[in-house]
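If you read the sequence shown in full-length UniProt numbering, its first letter stands for residue 1, the second for the next number, and so on.
Comments concern the structure below.
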Amino acid sequence: MEYSRANTVPYPPRPEPPEGPAPSALELPPNGAYLDIFQSLLEPTSVLQKHGYRFQQLTDAEIHEKRRCTLQQLTKGLKKALLDGDQQATSADMHPRTWPTMLIYYEDGQTDVQPSTVPCRYHSAAVDRTTKCWMCCGEPVSKATPCNGTNVHKMREYRPSELDRLHQIHETPRFHPDRATSVKFAVAIDCEMGTARNGDSELIRLSAIDYLTGEVLINNLVKPDQPMLHLNTKWSGVTWDQMNEAVRKKTTLKGKSGARRLLWKFVGPDTVLVGHSVHNDLKALKLIHPRVVDSYVVEHKIIEEKKAIEAREKKASEAAARRIEEFLPEIAGLADGHESSLTTNSQMVGNSTTATDGVPKKKKAKGTGDLALKTLLKKYLATDIQTKGNKGHDSLEDATAARDLVHWMVMRILQERDDKTI
């Protein structure tokens with residue numbers, strides 16, 4: 001077959017077109033106050049770390065803990081599964097038993113057997129993609145309890161540097177060969193993740209837009225680095241048909257490293273990343289980037305400041321009440337009598353509600369909490385997003401929504417400042 005340049009697919013691939021209206025450019029005030037306020041929303045790394053951000057690469061020990069058993073679907077934290085020799089000996093003397101073990105392979109070809117606190121649990125057959133059930137037991141994929149087990153964990157054999165390639169996190173580089181003049185002041189991003197067969201969360205889609213202009217920079221599926229268990233379609237919005245078609249057409253990004261490289265074309269060390277709970281996106285991308293405006297963090301800070309004000313006001317009110325009791329004994333006596341009456345009434349109310357104490361609270365659906373992006377968009381911008389139900393989210397819609405929410409937050413601060421100067 002004759003090679004035809006016309007039949008080749010460019011890489012990186014062009015962004016997929018939006019399903020709905022394309023993001024629009026922001027309308028900014030004529031002075032520079034907007035950008036000053038926008039950058040004031042950047043938080044120091046010490047604050048971001050409290051919200052799940054990480055700013056150091058994984059150590060060799062942490063990388064080593066990412067090893068997985070060949071059978072067990074979810075082996076999290078091998079460190080927790082190991083017993084030290086003294087504890088094993090003591091327990092074995094008191095309660096003779098056969099301890100589960102781990103068979104571990106090393107790069108030099110040697111093997112080792114170590115004790116484990118837990119047996120290996122796994123499903124012995126694959127998933128039927130039609131019924132979305134395990135073929136070994138017929139249970140749905142969402143059922144967490146594996147149906148088979150053994151006392152021997154057989155650890156996967158890893159190629160040299162494979163664990164590092166899969167799990168190490170990377171800083172945004174200062175230089176990128178394709179960056180040139182394409183670097184942006186701020187970029188809004190959102191990622192979607194599926195679940196690999198070993199239980200790891202795996203990047204499957206990346207969307208990114210220019211914060212100021214709304215230009216769609218990236219909107220592509222990502223070919224997973226690992227064999228997948230399921231694509232979490234209910235949340236990610238990505239189906240197997242879409243993934244297989246994109247792989248066939250070669251329009252996917254090549255794993256997490258390919259997604260990072262394309263993002264780095266537009267994102268330099270000084271670029272501000274915008275989003276909602278951006279630490280989840282950075283974790284999916286295996287990326288370290290400290291310049292972040294996170295709408296979740298902004299709203300959380302406002303709520304915490306309001307709580308602190310209310311706590312101070314309550315404390316001041318209680319202090320004032322104590323002073324009244326100290327200087328006006330008569331009023332204090334009346335207050336005591338009234339308090340006694342209130343106590344009796346409150347006990348009656350308490351007794352009347354005891355019967356409902358054991359009733360569990362209704363669990364909120366995922367993504368519908370008070371600080372969820374969907375909730376905040378509806379509350380502040382009267383905009384509905386994520387309306388497809390079980391068909392999942394649209395990462396481009398979510399990236400745009402987070403951009404619009406941050407823009408609204410900046411404009412709110414500007415308005416509050418203007419109101420104070422009047």
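Glycine included, each C-beta is placed from N, C-alpha and C at the ideal position.
Distance CB(residue i)-CB(residue j) smaller than 8 angstroms
| i | j | result |
| --- | --- | --- |
| residue 209 | residue 202 | no |
| residue 237 | residue 192 | yes |
| residue 248 | residue 271 | no |
| residue 187 | residue 211 | yes |
| residue 274 | residue 293 | yes |
| residue 414 | residue 295 | no |
| residue 205 | residue 46 | no |
| residue 217 | residue 18 | no |
| residue 43 | residue 406 | no |
| residue 168 | residue 57 | yes |
| residue 171 | residue 37 | no |
| residue 410 | residue 34 | yes |
| residue 314 | residue 286 | no |
| residue 240 | residue 173 | no |
| residue 282 | residue 226 | no |
| residue 242 | residue 262 | no |
| residue 418 | residue 381 | no |
Residue i (DSSP reduced to helix, strand or coil)
| i | result |
| --- | --- |
| residue 279 | helix |
| residue 20 | coil |
| residue 203 | strand |
| residue 192 | strand |
| residue 231 | coil |
| residue 58 | coil |
| residue 51 | coil |
| residue 249 | helix |
| residue 198 | coil |
| residue 433 | The question about residue 433 has no answer here: the residues shown for the chain are numbered 1 through 422. |
| residue 287 | strand |
| residue 385 | coil |
| residue 209 | strand |
| residue 407 | helix |
| residue 215 | coil |
| residue 223 | strand |
Cα-Cα separation between residue i and residue j, rounded to whole angstroms
| i | j | result |
| --- | --- | --- |
| residue 318 | residue 306 | 18 angstroms |
| residue 105 | residue 163 | Caution applies to residue 105, whose pLDDT of 45 falls short of 50 and renders its modelled position unreliable; the value that the coordinates give is listed next. In a straight line, the C-alpha of residue 105 is about 13 angstroms away from that of residue 163. |
| residue 393 | residue 402 | 13 angstroms |
| residue 234 | residue 179 | 35 angstroms |
| residue 321 | residue 302 | 29 angstroms |
| residue 140 | residue 20 | 33 angstroms |
| residue 251 | residue 311 | 54 angstroms |
| residue 373 | residue 408 | 13 angstroms |
| residue 280 | residue 420 | 37 angstroms |
| residue 299 | residue 328 | 43 angstroms |
| residue 304 | residue 22 | 35 angstroms |
| residue 323 | residue 309 | 21 angstroms |
| residue 185 | residue 28 | 14 angstroms |
| residue 269 | residue 391 | 35 angstroms |
| residue 326 | residue 416 | 41 angstroms |
| residue 446 | residue 175 | Residue 446 lies beyond the range of the chain shown here (1 to 422); nothing can be said about it. |
Beta-carbon separation (whole angstroms), residue i vs residue j, contact threshold 8 angstroms
| i | j | result |
| --- | --- | --- |
| residue 60 | residue 399 | 34 angstroms between Cβ atoms; not a contact. |
| residue 147 | residue 137 | 4 angstroms |
| residue 232 | residue 195 | 6 angstroms |
| residue 68 | residue 219 | At roughly 31 angstroms, the Cβ-Cβ gap does not stay under 8 angstroms, so residue 68 and residue 219 are not in contact. |
| residue 370 | residue 378 | Residue 370 to residue 378, Cβ: 11 angstroms. No contact. |
Where residue i falls, given that 16 or more other Cβ within 10 Å makes a residue buried
| i | result |
| --- | --- |
| residue 64 | exposed |
| residue 278 | buried |
| residue 11 | exposed |
| residue 224 | buried |
| residue 229 | buried |
| residue 24 | exposed |
| residue 253 | buried |
| residue 50 | exposed |
| residue 13 | buried |
| residue 397 | buried |
| residue 260 | buried |
| residue 161 | exposed |
| residue 40 | exposed |
| residue 246 | buried |
| residue 284 | buried |
| residue 66 | buried |
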